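When we follow this note's numbering, the leftmost residue of the first sequence carries the number 228, and every step to the right adds one.
A quick write-up on the structure given underneath.
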Amino acid sequence: MIKKKTKKLIKKKAKERVILQSPKGMRDILPVDQLLWEKARKSANKIADSFNFSRIDTPILETADIFERTGTGTDIVEKQMYFVKSRGESRLVLRPECTAPIMRAYIQHGLSKISQPIKLFYIGPIFRHEQPQSGRFRQHHQVGFEILGGNSDPIYDTIAILTLFRLLEELKIKNLIVQINSIGCKSCRPAYVKKLQEYYRNKQNKICKDCRQRFLVRPLRLLDCKNETCVQIKADAPLIIDRLCNSCKNHLKAVLEHLDELKVPYSMNPYLVRGLDYYNGPVFEIFTEQSSEINFSLVGGGRYDYLAEMLGGVKTFAVGGGMGMERAIEVMKFQQLSGLAKNEPKVFLVHIGEEAKKKNLIIFEELRKSGIKVSESFGKDSLKSQLRAADKANAILTLILGQKEVFEETIIIRNMKTGVQETVPINKVVDEVKKRL
RNA sequence: GUGCCUAUGGUGUAAUGGUAACACUGGAGUUUGUGGUACUCUCGACACGGGUUCGAUUCCCGUUAGGCACCCCA
């Protein structure tokens, strides 16, 4: 007994360290993955630029209000927001999405007063307290494109879809398909919902528990259920695309025609709905086909003409969508499309002796200033280990400086591929290196 | 939030009721001024807490994290 206690105490003392772990569902992005992230960010910037979207950054914290006003009845807002303890009285949350904050900024800064529509894009982290899974995190990053203001021309829906589609293409992701649906507007959706509820009313005892809940709160979600009997019942349920008003019907039709002309592959998904309440009209998601391992959507979006009013602004036509960066990167890895070239050093510095090391520091600066990427392992002293390091760094040339060379004011240039070495005057080293690269 | 599965060095894997093996990686070296192959040496782990036991990395419970499904979503 005593023995055990003592032992545990010793063990405890030895292990008296904090258990360091990133919070659940939140990950470090390590150097090995940064190339992919860099690629994703660069591509987003490139696409944004070519489609004339301007960058906007909004705070990571927002007052809870703006989400609560725009997402009543949605899980994202009701169950998944992170509240931040702060000194003031305002209730702050980590943003669970970016569309509402951007609309907030649009209203707050009077962006409706400049030429419309205004095209905005963003890249940043968002936070949702949900159960992590592959492709699902509590902190994830989205890049999104929003078109605010102007009229509700279907061409803008098309551009929103096209921009995100081209971004995925730019990331070399293959087998893309857009899924599209329309969820109607204020004039046709209520009538449809009524019809849907009528259909389900006498089937209450057949559908699952969740669906009975949905029946009351969010009837559109009835169409999302994967429960076996629910799926059967769903098959005969009225579909919203059959009951759209003329305006919504024509709007959707126009978008589809544009997509046809652009040869963007799409399929109608009459069961597609959105997680947030402010959407109307066409909604879309983008998937990759064929991979059973990846069954999540990479992009989601739609039209949200009611959002501005919900936030207390005037009616503003708007459409947009976002791409999940983690998911896109996951697919890039899965499809092995990484083929990204690291910017590797061209020249490696090797020293023998203290004098040479000092001198090498100067040469390091000279080369660096003249735009040559140079690496070293100043902390190692043996020639062998330094050359080994040069090899691992994939250097093209290695500059070897020993005592003899310091004395003679020369330096050895070694071609790492051929092994050929030449001795050159040290004051011409930059030119000599450039000549050989 | 619910259910099921998992947890051993940095990575990928072993084995065991008596404190852990292998490979890769990292570090040092193979007579000291020459890398990429080979060889030698070396650093490095039983997620955390509790219980059963003479003794737990191993069995049990809890926590945490990861995976999968549901919910939902990018």
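For each residue, glycine too, the CB sits at the ideal point set by N, CA and C.
Keep in mind that this is a model prediction, so the values were computed, not measured.
E593 in three-state terms, based on DSSP | Helix, per DSSP.
Using the C-alpha atoms, what's the distance from L614 back to K306?
-> Distance between the alpha carbons of K306 and L614: 57 Å.
Over the uninterrupted beta strand (DSSP E) stretch that includes E649, give me the two end residues.
-> Counting along the chain, the beta strand (DSSP E) containing E649 begins and ends at 648 to 652.
I think L447 touches V500, with their Cβ atoms under 8 Å apart; what is that distance to the nearest whole Å?
-> Contact between L447 and V500 holds: their C-beta atoms lie close to 5 Å from each other, under 8 Å.
Just the Cα atoms here: how many angstroms apart are Y309 and F354?
-> If you take the alpha carbons of Y309 and F354, they lie about 7 Å apart.
When DSSP labels each residue in this structure, what does A545 get in the three-state scheme?
-> In this structure, A545 counts as strand in the three-state DSSP scheme.
Report buried or exposed for S281, applying the criterion of at least 16 other Cβ atoms within 10 angstroms of its Cβ.
-> Its Cβ having fewer than 16 others within 10 Å, S281 is exposed.
How would you call G549, buried or exposed, if buried means at least 16 neighbouring beta carbons within 10 angstroms?
-> So G549 ends up on the buried side.
Does DSSP classify G477 as helix, strand or coil?
-> Residue identity check: residue 477 is Asn in the sequence provided, not Gly. Under the three-state reduction of DSSP, N477 is assigned to helix.
Which residues does DSSP pair with F310 in a beta bridge?
-> Residue pairing by DSSP places F310 opposite V320 in a beta bridge.
Are the region 380 to 399 and the region 467 to 483 touching, with three or more C-beta to C-beta distances below 8 Å?
-> Touching, yes.
Can you check the region 389 to 425 for any beta strand (DSSP E) of at least 3 residues that lies completely inside it and give the ranges in chain order?
-> Unbroken beta strand (DSSP E) stretches of 3 residues or longer found wholly inside the region 389 to 425: 403 to 409, given in chain order.
Distance, A387 Cα to S270 Cα = If you take the alpha carbons of S270 and A387, they lie about 16 Å apart.
Would you tell me roughly how many angstroms separate the C-alpha atoms of V574 and S602, rounded to the nearest one?
-> Whole-angstrom Cα-Cα distance: 6 Å.
Start and end residues, beta strand (DSSP E) containing Q366 | Here the beta strand (DSSP E) through Q366 covers 366 to 375.
Euclidean distance between Cα positions of I237 and S249 = The predicted model places I237 with a pLDDT of 44, which falls under 50 and marks its position as unreliable, so this point remains unresolved.
Contiguous beta strand (DSSP E) assignments of at least 3 residues, all confined to the region 479 to 540 | Contiguous beta strand (DSSP E) elements confined to the region 479 to 540 occur at 493 to 495, 507 to 515, 526 to 530, taking only those with 3 or more residues.
Contact check, G547 vs E373, beta carbons under 8 Å = At a Cβ-Cβ threshold of 8 Å, G547 and E373 count as neighbours.
List the DSSP bridge partners of R641.
-> According to DSSP, which records beta bridges pairwise, R641 is partnered with T625, Q648.
Give every residue of the same chain whose Cβ lies closer than 7 Å to the Cβ of F294, excluding the five residues on either side of it in the sequence, and list them in chain order.
-> Annotation for F294: V304, M308, V320, P323, A327 place their beta carbon closer than 7 Å to its own, counting only its chain and skipping 5 residues before and after.
Smallest Cα separation from G580: which of S609, K600, D532?
-> For G580, the closest of S609, K600, D532 by C-alpha to C-alpha distance is S609.
Of the choices Y505, R365, D469, whose alpha-carbon is the least far from that of C415?
-> Cα-wise, what sits closest to C415 is D469.
At least three beta-carbon pairs within less than 8 Å, the region 531 to 545 to the region 487 to 499 = Because the criterion of three Cβ pairs below 8 Å is not met, the region 531 to 545 and the region 487 to 499 do not touch.
Under the three-state reduction of DSSP, which class applies to Q613: helix, strand or coil?
-> In this structure, Q613 counts as helix in the three-state DSSP scheme.
Buried or exposed: which applies to I256, given that a residue is buried once 16 or more other Cβ atoms fall within 10 Å of its Cβ?
-> Looking at its Cβ environment, which holds fewer than 16 other Cβ atoms inside 10 Å, I256 is exposed.
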